[in-house]
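For the sequence shown, counting from 1, position 97 maps to 102 in the numbering used here; every step adds exactly one.
We put the CB at the ideal spot given by N, CA and C, even for glycine.
Okay, structure first, notes after.
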Amino acid sequence: MADLLHNQFPPDSLEAKDLEHLLHPTTNLQQHHEVGPVVHERAQGVYLWDNHGKQYIEGMSGLWCTALGYGERELVEAATEQLEKLSYSQLFGGKTNEPSILLAEKLKAMVPFDAGRVFFGLSGSDANDTQIKLMWYYNNAIGRPEKKKIISRTRGYHGVTIGSGSLTGLAPFHKHFDLPIPEVLHTDCPYYYREAAEAETEQDFVDRIVDNLEQLIVREGPETIAAFIAEPVMGAGGVIVPPPGYFQKVQALLVKYDIFFIDDEVICGFGRTGRAFGAETFDIEPTTMSLAKAVSSAYLPLSAVLIPEFMYEPFIAVSGEIGTFGHGFTYSGHPVCAAVALRNVELMEERNIFEHAATVGEVFQQRLRGFADHPLVGDTRGVGLIGAVELVSDKETKASFDAAKGVGAYLMNRCEANGVILRALGDTLAFCPPLIISEDQVDELFTRFATALNETLQWVR
Ligand SMILES: Cc1ncc(COP(=O)(O)O)c(C=O)c1O
């Protein structure tokens with residue numbers, strides 16, 4: 006093991022110190038010790054530079070989050086002003102602060118459902134953990150303590166805490182962590198390209214997986230199921246765009262069996278799909294909503310859970326009996342995070358960012374689909390400014406490459422070498438550029454990607 010810590014970097018370099026001191030999240034640690042880190046040093050707009058001065062175009066908005074791009078002065082000023090005025094305050098015990106109140110008011114006005122209350126946290130994971138706890142608290146409060154299970158989907162990504170990590174439907178987030186917890190069930194994901202049966206139409210596929218969902222609900226007993234959680238477009242699971250009609254059919258089932266819809270808008274929220282929220286793009290009627298990432302363009306961490314007033318009302322009496330509503334974080338309603346998020350969403354509106362995402366999104370989708378004919382590409386998919394290219398070893402049979410070959414990872418590395426940051430989700434390359442990207446920059450991004458893809462083809466051959 007010790008020799009893993011010896012590496013090719015000069016001992017005083019950031020690379021060497023990284024390898025010595027950090028435990029990297031969501032990283033193949035073995036590979037990391039072999040190849041070492043990339044040190045990000047500075048960024049502006051849609052461009053980022055590493056510590057050797059190499060420039061990259063940001064094709065992933067960091068982790069699907071830097072919606073307004075980097076170095077936005079208005080957000081730096083909003084943070085600085087608030088830091089000077091009131092660097093910290095809390096929401097515990099009825100204390101409050103202006104940025105949190107105004108942000109809650111603003112978010113309620115923006116979301117496409119009748120939200121009554123806003124609970125603040127710092128990450129998508131804590132938001133979805135809060136969602137589970139609120140479903141439990143609510144059902145206990147109204148006297149149906151058996152209605153507790155949450156249905157999520159395979160390939161869904163909802164975070165990594167014990168609750169949200171259980172909602173996540175991807176094996177590496179469960180294995181050796183003893184997850185998922187028994188209250189979480191998983192149903193099919195609407196991944197038509199990979200999971201449709203031979204000759205099955207999109208509509209037949211939707212009917213089949215929605216029927217599977219109904220069977221699961223009936224088998225478990227609808228009286229035991231509190232909620233269904235979904236991302237409008239699955240992100241980390243491979244950028245899966247549902248076929249037309251999928252959410253309408255799911256939603257009808259949820260109404261039939263009195264199951265709430267938790268809409269995880271952590272990636273889709275704030276313009277990613279070309280509308281303000283994924284719920285609008287896909288005609289979803291959420292019961293509750295999780296927000297994070299683009300809500301603050303990642304200048305500072307902030308998440309929000311929005312619930313309807315009817316869920317909040319029973320909390321009042323119950324918390325009175327218990328003595329407190331016993332859920333909250335030290336940084337729930339952090340005034341600096343809230344001030345930045347508020348200015349961020351105001352800027353999105355002032356600059357018509359959602360309309361921009363829709364317009365540039367069309368060019369982006371057109372360029373993306375252009376790769377469908379490439380010998381390595383099995384599928385291209387996306388909506389607005391999110392998309393993916395899935396690599397296959399055989400276009401006809403859709404056969405995947407042997408996972409051990411690491412073709413997706415190789416392409417991601419070639420992308421980096423050519424100055425574009427993308428993310429390999431297995432052999433699917435994900436695209437999620439900042440919403441401020443221009444048409445010329447979309448062109449630049451795909452030109453660099455095309456070079457990397459052709460280099461990968463050479464390597465594969
Ligand atoms: C849809 C979705 N939900 C939740 C999360 C978890 O957010 P965080 O990493 O901030 O905990 C993510 C993160 O990528 C996400 O994509």
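Here C437 has M65, S66, W69 and I391 as same chain residues with Cβ atoms under 6 Å from its own Cβ, once five neighbours each way along the sequence are excluded. Fully contained in the stretch 175-257 are the following beta strand (DSSP E) runs of length 3 or more, in chain order: 189-192 and 230-235.
N357 is classed as exposed because its beta carbon has fewer than 16 other beta carbons within 10 Å across all chains shown.
Here Q446 is buried: its Cβ has 16 or more other Cβ atoms, across all protein chains shown, within 10 Å. As DSSP reads the structure, H45 sits in a beta bridge with D55. Of the residues C342, V165 and V310, the one whose Cα lies closest to the Cα of Y93 is C342. Following the DSSP letters along the chain, one finds A132 inside the alpha helix (DSSP H) bounded by residues G129 to A146. In this structure, E236 has its CB closer than 7 Å to one or more heavy atoms of ligand 1. Nearest Cα to Q136 within the set V40, T159, Q87 and I167: I167. By the Cβ neighbour-count rule, V40 is exposed, with fewer than 16 other Cβ atoms within 10 Å of its own. Taken in chain order, the unbroken stretches of beta strand (DSSP E) that lie wholly in the stretch 386-428 and span 3 residues or more are 391-396.
Distance from the C-beta of A299 to the nearest heavy atom of ligand 1 is not below 7 Å.
At a threshold of 7 Å, G164 counts as near ligand 1, since its beta carbon sits closer than that to one of the ligand's heavy atoms. Residue pairing by DSSP places A309 opposite F125 and L296 in a beta bridge. The DSSP-derived three-state label of Y93 is coil. Around the C-beta of T278, 16 or more other C-beta atoms lie within 10 Å, and the residue is accordingly described as buried.
Counted as a single uninterrupted DSSP element, the alpha helix (DSSP H) harbouring S171 occupies residues I167 to L172. In chain order, N144 place their CB closer than 7 Å to the CB of P150, counting only its own chain and leaving out the 5 sequence neighbours on each side. D384 is bridged by DSSP to E395.
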